[in-house]
Structures are given as structure tokens and as C-alpha cells.
Amino acid sequence: MIIWGIFWGAVLGSWFGGHGDFGPFVGAILGFFAGLSLRWAVRSAIRTELQAQAAKAVAPPAAAAHAAPTAEDRAQVASPSPPPPPVTLDERPDTDDPFWTGELTPHGLPPVPTSASTSAPVPARPDALRQPAPPNPLEQAVLAARNWLLGGNTIVRVGLVILFIGLSFLARYAASAGLLPVELRLAAVAAVGISLLVVGFRKRADKPAFALALQGGGVAVMYLTVFAAFRLYGLLPPLYAFGLMIAVCAASCALALLQDSRALAVAAFAGGFAAPILLSTGQGSHVGLFSYYTLLNLAILFIAHKRSWRMLNVVGFVATFGVASAWGALKYQPENYASTQPFLAGFVLIYLCAAILYARNTPTKLGNAVDTMLVFGTPLVGFGLQAGLVQPFELGAAFSSMAFAALYLVTATVLARRALDSWRLLVECFIAVGVGFATLAVPLALDAQWTSAVWALEGTGAFWVGMRQARWMPRAFGLVLQVVAMLAFLGSTSSISPLPLVNPAFLGALLIALPSLLLAWWLRHPLPHSGSAWARGYAGVEARLSSPAYLYGFVFWCLAWLMEITRRVPGLEAGQWPMSVFSEQVTGLLAMLAVVLSAALSMVLGLRTRWAVATWPARGTVAVLALGLVVQVADGYRVLATPAWAVWPIVLALHVWMLRQTDRLQVTADVDGKPGAPISLVAWFHAATAWLVTLLLADCLWSGIGKAELWRTSWAGVVLLVSAIAVLMLLALWAGRGNRLAARAALPWPLNPHAEAYYWLAALPLAVMVFWGALLAAVHSSGHTAPLPYIPLFNPTDLTLALALGGLVFWRRVLLSALPLPARSGWVTGRHALQALALLAFIVINTVWLRVAHHFFGVPWGASALFDSFVVQTGYAILWTLLALSMMVLAHRRVQRSLWLVGAGLLGGVVVKLLLIDLSNAGGAERIIAFIAVGALMLVVGYFAPLPPKADARAEPAAPSLAPSQQEALLP
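Its first residue numbered 63, the sequence shown is counted upward by one per residue in this note's numbering.
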């Protein structure tokens, strides 16, 4: 290898004559260091292996390392045993060389040496456990040079270098001085090369290393002589020079085989592959070039049948595909396809066979070794060249990929049937290559949607194979391929097709969904594996994938139907935009129906197979219905419109049925002792259903508002509030029957067991909505009742506010009578909630007077106008006095001193208002009426409702006091 580097350096130095007579010398020096850098890895690996074997063979026990020598030891020292015979580097088999076999064994390790010395145990040393830092490139070059010069026969190697340089100087000097004819000079140099070959061949038995060095130098001299005669001096025609280089290559190859010398063979074939390039005139035929390379590769294949010389395979592989790639990039034309394709196929087949032969000739304790360069490099480089050849042909790359997949899969099948377990790694590598090319063929032939479908099916097949063979890697590959298929599908989601159900969008999503559901079914139970650390770690991940895989498949199932529903057909005329199959309103309804039906089918599957995850989609139907309603309302499409009125009863019925089945599964899970859905979660599903009914009822009322064209009246402003009040009252009346556990057991489903979910969880947000909605309506609604006349207390605003107050009070009384009280309901059943209701009632009564003043007295509906009106202020004075009178009279009769004080405070506020506001209305009749009315009413208060006495603290002991909520429950 070093000599070959010197040869190449000299050739390049002679080409570039910028250094005069020193050109070949400088080139040889550069080639010398290039060869050293390439040879360093080989020598370093061999030395490391030799040192390890030597340490294993002679390492004494640690305890005897410091013992005194015995008599036997001294006798052995006195009479040393004869040294072992020298072993040259080229005579060592490749199986002991990590560089030559620096490829994969069945467990990813280098081959184990087969010598007997490896069986001896070696004590572990702490310093051996520390990995030294790798040297940098400069250190590698220096180390390689030292190893080459000082390793083996140093004098011979240095002498060859000096001799080679001397011959170059001699040829250059003779040419410049004109001493001898060119033919004679070249003949003399060739004679020296032949002499080196002859002497080296004759000394092959006595001194193998010396002989091989001489023969390598002779081969380099012969190559250089032929090259100089052709290129530099034009003494040989191209055909003769080519034949001479073939002869040199053949002779060198024969010598290498005869002496079992890998280095000589590598040098011979390197020169053989370089001959066409060195002797090229630019006018040759590629058919001749590739035919010659085919012969060389067949020779390499023949040697691979006899020897496991990996470096020779590497030289042939790099030279063949390197030259082919360069020719393809520079000279290939589409009309050369027929004359090029057979050679490329032949090269791929040759190195495929070379990989198999190398594995056969390189057994290890862990199985046959695998040359990763040939196994993976051949298909990758070969397919790259093949793709360039078939680029002008439609689907050429796809068919080429399928051809590579078929080649490697068939080869793997043949090896698996005829070979032993030691070939397992090579078979798996071929299968991986074949599957990879089959996977690659799909996107080369199909669009993204079909590609994703095929990849999903392929991933399912790989998972099934891994499941049958108890191997985790195919199963992991299948799962990864599912994710890749999903990404490919989402990257191109066009739904334009004239064909229903058989278009790429629908079938692509469906063929992703079905394999995912199948994978989820297989993953229900733990799958077998090899028991390795990687397999156990993967099994822990795989055990948690059943539910995500099912939900993933269910989402793509729904997506398939959604894409079919939203499908568009191409325009009837050129340039026309695609048209949707369904209108926007119908599309939303069908999408909602498809998802709910899919959840119902999933529920049926879960019920029949007792598969819990299959029942989970039913829990999301209420969200789907709510989203469908929101989208429908946003599009201005009502529930009572056609065909919505036919779809909504179906989806609601399916939703209620799924709620019923979910409750049954919960009961069954409790009986069987299996974990089911949390009770609180199921209760929220029922509560959400009540909220959905509220929105649906409001949408129906809005339909009537729209038909009557009452959008700018108070009728439209209270629709949502009326709907919430109606549902709140319904929940209080219907579910309130189950506010006691004893009575709940006798009620039908869903009150048993979800009565509290309806009268508490569902009703609480509705009650809050009713409270704040009533407050907003009271403050902002003017009571416009067109086309009907405004009637106080009998208009939509006042009636709705009265219903709101009544509904809130009724619902609160249902909560007060509940046994036990719902959790965290104290803020509703306590006195603070009662005070909030009283405040709301006070505001509602005041706004009734505001609307009366607006409609009958012409006061504009605005905050400042109403406040500045003395009519409003006079009415407030009389109204507040009447309210105070009512509270004080009621408090006097019930002996409730606190209520009386509240009325008195309100009455005091009236007096303050009279002095601060009403008194400023000088000369107005409103001031007279306000003062007279308030004074008369205060006299009535003083007569009928004096202050109640305080409770006597020293009275007889009374019965145990009741809680405030229980006291209010006893009030009439």
C-alpha cells in the first residue's frame, strides 16, 4: 500500500512539472505520506490485537508477580526455549484483523480471535478500562510513518523508497542529458522492475516479508514504465499499453494468490482499475471500459470465493462505482441506457455475491461477519446510479426500487432457507434493505395520500412479523412507519375527486385508521420478546400504546368520513373552481352525524369485546354536538331548519344511548373490581348534556324570533335567559325528586344514580347564568314589545325577570331540602345567597318603575336622563317607602328585628333622598307629591309596624337551634 502510494505520487509529480527534476521525488514523498496515513489504521489494529494476545498468553497471576524466582525459573532462564517462527503481516488471516473485518457481527461486535491463547482468563486492570483519546490527523500521519519504517523489515522498506527515487532521477537525468534513447531508458527501468519481481518471487519461502516488498516495488515500477511509455513519450499505442497493464495486473494477481498475499493483490487490482484512466485519450467507448471492469470484478469475485480479503473488495467497489459515477455525471446520455444498464446490474450482482462470500469465509464465535460497505453501500450507490439512468422514464425510479427490493428479499429468503443460524445477521440486513427499497418505491410511484396508506399497511405487516417471531425491532419499525404514514398523509390533504368513497383522500385515511385499530387490538396484551435489555425496555413502552393506538385509529376513521363529506368535484369546464358536493350547512350536519355514529359503533365494539378503550369516544360526543351547534349557529342555520330537525333527534338519541351504556359499564366495572370511568367524570357528561339542551332550546326560540322578525325588540333579548330559566326549573322539578338518597334508589335512570349531577352540577352554572342574566336584562332592557303595546308587569322583560327570581328561589329550596347537601354548596344555601337574591329583587322592582316612566311619561331610556327626571325620583321615593313599609310590617308580625332595621334603613335613605334630590325641584308638583306620600306612609309605618322587642336572653331554655338553612326551609 505504501509502495502504491509512492507510485501514484511519482505519476502525479511527473505530470505536474513545476518542480523540474524534483517533480517525481516530491510526488513520491507525498504519496509516501498518503500511503502511511491509509496504512496506519491497518498496522495499529494489528498491533493492538497482537499485544492483547501476547498479554493473554504470558500474563502471570497478580499474587505471583512479586514472588522470588525458584530453581525451576532459574533453570528455564538458563536454557531459554527457541523463539517462535516469525509471522508476517500478510500471512495472518483476516478473521484476526479488526480492520479487515471492521464490520458487523451478529451482535455488532468485531469477530472473536480463534487462537488458543484467547481462552486463557486475563485479569482486569484499571488502566485498561480507560479509553485513550484518539490522536489528531497530524499525530496519525507521524505515527503511521514511524510504524511503517520501524515495523517489520525497516531497511528493506527504506531501501525500496530510495531505489524508487533513484530510478526516477536516473530516468530524468538520462532524458535531459540525452545519454540513451528513450526506448532503452524505459527498457532499463522495466528490467529493474522485472528483476525485483524475480528476486522477490525466488525469496518468497526464505524471507516472505522481504520478498513481498520487492514484488510490490516491481509491480509499481512496471506500472510506472508502461504509463511513461504511453503518456509521457508516446512510444506505445493505447491498445498495446492497455494490454501490457492488463498483463501486469494479471501477473500480480497470480503472484498474490500463489503467495497468499493480500497486499500484493490489492496493489495489482488498484493498478488494473487505474489503467484505463491513466491510458485514456478521451475517445474510448464506455462499453469497453465497463467490460474491462466487469472482468476485473469477476476476478475479485473469484478471489472472494477463496479468500476473505475485505480490502480487495473495497478497492474494487470504490474503483468500479467511483468511475461509473464520474462517467455518469460527465458523459451519460439517455441514448446510452441500453448499453449501460446491463453493466450496472452486473456490478450490483457481483458485489452482492461478494458480500455473501465474505460472510461465508469469515466465521466468528458469534456468527458470520458482515461487510457493511458491501451490504449497504452496494444497494445505495447502485440505486443512485440506477435512478440517474432511468430519470427520463416515467416511474423508472419506482420500478427500479421495486427491483432492488425484490433482489434483496429473494436473496434473504434463499439464504434463510439454506443457511444456518450463523447467517442470521446477513439475512436480517438483506431484509432491512429490501423492506427499505419497497418502502421507497411507494412515494416514487404514488402521491402522498396513497403513499401514507401503503406505508401504514406495510407497518402493520412488519409489526405482525415481529409479533409472530417474538422480535421487538420489526414491531418498533411498524409503529414508526405508522407515524411516518400519518405525517405523509397530513402533508397532502387534497379532497378533490369525482369518485365517492374510492378517492385517495378517503381510502388513504381509512387505510391508516384500520391498521392502527388492528395494532391496538394486538397490543391489548403483552407481546413476547427476546428478553434482552432493549427488548424489555421496548416492552414497557409497548404496554402503554394500546389505548393511544386505538384513539389514533379512531381519529383517522372520523377524518376519513370528514374528508369524504367535504369532498369537492372538479369543475365541469376548464378553469372552473371545484364545487362542493354538499352545502356548508349540510356538511356540518353530516360531519356531526358521522362522528357520533362512529362513536356509537365504537361503543358497540367495546360492549361486545369488553374492550374499555373502545367506549372512550362516546365520552366526547357531547363536545362534538356542542361544536356542531356553535358552527351551525355561526352560519345562521337553525335547529328547526331542514334537514337539521331530522338530524338532531338522531344524534341526541345516540348520545343518550351512549350515556346509558357508559353507566352500565361503570356498574359492571364496580362489580368486577376493574377500574372504570370516575363517577365525577360521568356526572359531568350528564351535566353537559343539560347545558346542550339549554342551547338547543334557545336556538328553537330564536327560530321563532326570526320568523316573527322581532330581533330589535325585548323578545329577542331574553331568549337565552328564558331558555336557561326553563331548563333550571325543569331540573329542579325533575331531578329534585332525587335530592334524598332514600328516594333516589326508587327512581329510574338517569336520576338513579345521577340526580345530583342534574339538580346540582348542571343547575349551578344555569343558576349563575340566570342571576347575572336577570341583572343585565333588568338594567339594559327598555321593555320594547312591538308589535304589542307595553303593559307593566306583563311584558317579556318583566315576566322573564319574575320567572328568574322564582326559578332561583325554587331551585335553592330544592337544595335546602337535599339530604345530604351537595359538596361545597354552602355558599348557595347560606344567607349570603339569600341576600343576593333580595338585592336582585330590589333592582328588578326598581327597573320596573324605570320602564314605566320610559313608556308612559316619555323619559328617555338612558342613565343620565332617568336620573335627572323628577318623575323618576318621585316614583323612587314612593316605591322605596312602600318597600320599607312592607318589610317593617312583615318584620313586626314575625318579630324579626333585623328585617325591620333593614326597612328602617331604606326609609332613612328615602328621607335623605328627599332632602338631597327631591327638595331641589323648586315649584314642581313632583316634590309635593313625594313629600306628602312619604310622610303619610311613614305615619302608617309608625302605627302598624313599631320596632319589635329584643329577644329575652334570660328566657327558658328553648329547643336546640337549627341551622339557618333548615330554619328557612321551615318558613311558609
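A virtual CB, placed ideally from N, CA and C, is assigned to each residue, including glycine. All figures in this text were calculated on a predicted structure; none of them were measured in a lab.
Identify which residue in Leu727, Cys762, Ile308 and Val666 has its Cα closest to the Cα of tyrosine 699. Here residue 699 is taken as the residue at index 637 of the sequence shown, counted from 1. Answer by Cα proximity: Cys762.
Helix, strand or coil: how does DSSP classify glycine 631 here? Counting from one through the sequence shown, the residue named residue 631 turns up at place 569. Reading off the sequence, residue 631 comes out as valine, not glycine. Reduced to three states, the DSSP call for valine 631 is strand.
Under 8 Å, with one C-beta from each stretch per pair, do the segment 793-804 and the segment 849-866 reach the 3-pair mark? Contact between the segment 793-804 and the segment 849-866 is absent, because fewer than three Cβ pairs lie under 8 Å.
Of the listed residues Val328, Glu397, Leu488 and Val781, nearest to alanine 366 (C-alpha basis): Within the sequence shown, the letter at position 304 stands for residue 366. It is Val328 whose Cα lies nearest to the Cα of alanine 366.
Can the beta-carbon of leucine 667 be found less than 8 Å from the beta-carbon of leucine 716? Numbered from 1 along the sequence shown, position 605 holds the residue referred to as residue 667. Numbered from 1 along the sequence shown, position 654 holds the residue referred to as residue 716. No, they are not a contact pair.
Using 8 Å as the Cβ pair cut-off and three pairs as the minimum, do the segment 799-818 and the segment 779-790 touch? no
Reducing DSSP to helix, strand and coil, say where arginine 802 ends up. Position 740 of the sequence shown, counted from the first residue, corresponds to residue 802. Residue state, collapsed to three classes: strand.
Is the beta carbon of tryptophan 942 sitting closer than 8 Å to the one on valine 910? Here residue 942 refers to the residue found at position 880 when the sequence shown is read from its first residue. Here residue 910 refers to the residue found at position 848 when the sequence shown is read from its first residue. Their beta carbons are not under 8 Å apart, which means tryptophan 942 does not touch valine 910 by this criterion.
Please classify phenylalanine 405 as buried or exposed, where buried requires at least 16 neighbouring CB atoms within 10 angstroms. As a first step, residue 405 must be located in the sequence shown, where it is residue number 343. Counting Cβ neighbours within 10 Å, phenylalanine 405 comes out buried, since at least 16 surround it.
Under the three-state DSSP convention, the category leucine 881 falls into: Locating residue 881 in the sequence shown gives position 819, where the first residue counts as 1. Reduced to three states, the DSSP call for leucine 881 is strand.
Range of the contiguous alpha helix (DSSP H) that encloses serine 462: Along the sequence shown, one-based indexing puts residue 462 at 400. In this chain, the alpha helix (DSSP H) harbouring serine 462 covers 458-480.
Comparing alpha-carbon positions, which option in Lys769, Met791, Pro815 and Arg913 lies nearest leucine 867? What you label residue 867 is simply residue 805 of the sequence shown in a count that begins at 1. Nearest C-alpha to leucine 867: Met791.
Which value, in whole angstroms, describes the spacing of the CA atoms of alanine 840 and alanine 745? The residue given as residue 840 occupies position 778 in the sequence shown. The residue given as residue 745 occupies position 683 in the sequence shown. Each residue's Cα considered, the two are about 34 Å apart.
Is it true that the segment 532-548 meets the segment 567-578, where meeting means three or more beta-carbon pairs spaced less than 8 Å apart? Yes, the segment 532-548 is in contact with the segment 567-578.
Bounding residues of the alpha helix (DSSP H) (the contiguous stretch that carries asparagine 430): Locating residue 430 in the sequence shown gives position 368, where the first residue counts as 1. Here asparagine 430 belongs to no alpha helix (DSSP H), and DSSP marks it neither H nor E.
Using the Cβ count rule (16 or more neighbours within 10 Å means buried), how would you classify proline 705? Residue 705 sits at position 643 when you count from the first residue of the sequence shown. Exposed, since its Cβ has fewer than 16 Cβ neighbours within 10 Å.
So, with DSSP's three-state summary, where would you put serine 347? Position 285 of the sequence shown, counting from 1, holds the residue named residue 347. In this structure, serine 347 counts as coil in the three-state DSSP scheme.
Rounded to whole angstroms, how far is the Cβ of valine 437 from the Cβ of alanine 417, which I believe are closer than 8 Å? Reading the sequence shown from its first residue, position 375 is the one you call residue 437. Reading the sequence shown from its first residue, position 355 is the one you call residue 417. Their Cβ separation, rounded to whole angstroms, is 5 Å, which keeps valine 437 and alanine 417 in contact under 8 Å.
With distances taken from CA atoms, which of Ser314, Leu297 and Ala249 is nearest glycine 262? Position 200 of the sequence shown, counted from the start, is the residue given in the question as residue 262. Of Ser314, Leu297 and Ala249, the residue nearest in Cα terms is Ser314.
Secondary structure of isoleucine 991, DSSP reduced to three states: Stepping through the sequence shown from its first residue, residue 991 is reached at position 929. In this structure, isoleucine 991 counts as helix in the three-state DSSP scheme.
CB of valine 675 within 8 Å of CB of serine 608, strictly: Within the sequence shown, numbered from 1, the residue matching residue 675 stands at position 613. Within the sequence shown, numbered from 1, the residue matching residue 608 stands at position 546. It is a contact, given that the beta carbons lie within the stated cut-off.
Going by beta carbon distance, what residues of the same chain come within less than 6 Å of isoleucine 412, once the five residues before and after it are set aside? Indexing the sequence shown from 1 puts residue 412 at position 350. Closer than 6 Å at the Cβ level, and outside the excluded window around isoleucine 412, lie Asn359 and Leu363.
Can at least three beta-carbon pairs, one atom from the segment 470-489 and one from the segment 514-522, be found at a separation below 8 Å? Counting Cβ pairs under 8 Å, fewer than three are found: no touch.
Between which two residues does the alpha helix (DSSP H) harbouring arginine 959 extend? For this step, residue 959 is matched to residue 897 along the sequence shown. From DSSP, the alpha helix (DSSP H) with arginine 959 extends over 959-978.
For valine 921, collect the residues of the same chain with a Cβ closer than 7 Å to its Cβ; drop the 5 residues on either side in sequence, then sort them by chain order. Counted from its first residue, the sequence shown places residue 921 at position 859. Excluding positions up to five away in sequence, the list reads Ala915, Ala927, Leu928, Ser931, Val933 and Val934.
Under the three-state DSSP convention, the category valine 592 falls into: Looking up residue 592 in the sequence shown gives position 530. Valine is not the amino acid found at residue 592; the sequence shown has serine there. Serine 592: coil per DSSP, three-state reduction.
If I follow the unbroken alpha helix (DSSP H) through tryptophan 583, where does it start and stop? Locating residue 583 in the sequence shown gives position 521, counting from the first residue. From DSSP, the alpha helix (DSSP H) with tryptophan 583 extends over 566-584.
In whole angstroms, what separates the C-alpha of glycine 498 from that of threonine 522? Within the sequence shown, residue 498 is the residue found at index 436, counting from 1. Within the sequence shown, residue 522 is the residue found at index 460, counting from 1. Each residue's alpha carbon lies about 15 Å from the other.
Measure from the alpha carbon of glycine 615 to the alpha carbon of each residue in Ala605, Arg324, Val283 and Leu581, then state which is nearest. As a first step, residue 615 must be located in the sequence shown, where it is residue number 553. Among Ala605, Arg324, Val283 and Leu581, the Cα nearest to that of glycine 615 belongs to Leu581.
Using only the alpha-carbon positions, how far apart do isoleucine 493 and alanine 474 sit? In the sequence shown, residue 493 corresponds to position 431, counting from 1. In the sequence shown, residue 474 corresponds to position 412, counting from 1. Each residue's Cα considered, the two are about 6 Å apart.
Which one of Arg874, Pro884, Ile905 and Pro882 has the shortest CA to CA distance from arginine 893? Sequence index remark: in the sequence shown, residue 893 carries index 831 (1-based). In terms of Cα proximity to arginine 893, the closest of Arg874, Pro884, Ile905 and Pro882 is Arg874.
Please determine, among Leu702, Ala903, Pro536 and Trp834, the residue with the shortest C-alpha to C-alpha distance to serine 592. Looking up residue 592 in the sequence shown gives position 530. The option with the nearest alpha carbon to serine 592 is Pro536.
Compare the beta carbon distance of alanine 680 and threonine 724 with 8 Å and say whether it is the shorter of the two. Mapped onto the sequence shown, residue 680 falls at position 618. Mapped onto the sequence shown, residue 724 falls at position 662. Yes; because the gap between Cβ atoms is below 8 Å, this pair is in contact.
In angstroms with no decimal places, state the Cα-to-Cα distance between leucine 759 and proline 562. If you number the sequence shown from 1, residue 759 lands on position 697. If you number the sequence shown from 1, residue 562 lands on position 500. In a straight line, the C-alpha of leucine 759 is about 36 Å away from that of proline 562.
Just verifying my parser: in three-state terms, what is the DSSP assignment at isoleucine 558? Position 496 of the sequence shown, counting from 1, holds the residue named residue 558. DSSP places isoleucine 558 in strand when its eight states are reduced to three.
With glycine 280 and isoleucine 256 assumed to form a contact (beta carbons below 8 Å), what rounded beta-carbon distance in angstroms separates them? By one-based count along the sequence shown, residue 280 stands at place 218. By one-based count along the sequence shown, residue 256 stands at place 194. Confirmed, about 7 Å.
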